[in-house]
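Student: Encoded as structure tokens, here's the structure I'll be asking about.
Residue numbers (the UniProt record's numbering): 1 to 104.
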């Protein structure tokens, strides 16, 4: 795997247990963002698990990517995607959203 490491990478889990495997996948997805913007200086990712009061047990993933002269915020679009009961799919969707912003 020839992926890059994003400097100042932070992954936070809220309302859910930490998962080494999910964090590794998130770091892999972040490394792929460098293909679209090679001056990324930091990436902060939050995996937000479903709260106990929610009927639909969905995950939300949000990320903030910083680079010289700018920043983007992307998320998984929690309300519109029932597939987000799988945190890996929520992460994929958030990073796809970020990629679209970086290339536009």
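Beta carbons are placed, not taken as given, at the ideal position from N, Cα and C, and that holds for glycine.
1. According to DSSP, is residue 25 helix, strand or coil?
2. Give me the Cα-Cα distance between residue 85 and residue 58, rounded to the nearest whole angstrom.
3. Please list the terminal residues of the continuous beta strand (DSSP E) segment that includes residue 44.
4. What three-state label does DSSP hand residue 38 in the structure shown?
5. Roughly how many whole angstroms lie between the Cα atoms of residue 35 and residue 99?
6. Return the bridge partner residues of residue 73 from the DSSP annotation.
7. Can you grab the Cα-Cα spacing for the pair residue 76 / residue 27, in whole Å?
8. Going by DSSP, what residue range makes up the alpha helix (DSSP H) through residue 13?
Tutor: Checking against the coordinates, here is how it stands:
1. Reduced to three states, the DSSP call for residue 25 is helix.
2. 4 Å
3. Per DSSP, residue 44 belongs to the beta strand (DSSP E) from 42–48.
4. coil
5. 9 Å
6. 64
7. Straight-line Cα distance between these residues: approximately 16 Å.
8. Not the alpha helix (DSSP H): residue 13 falls in the beta strand (DSSP E), residues 9–14.
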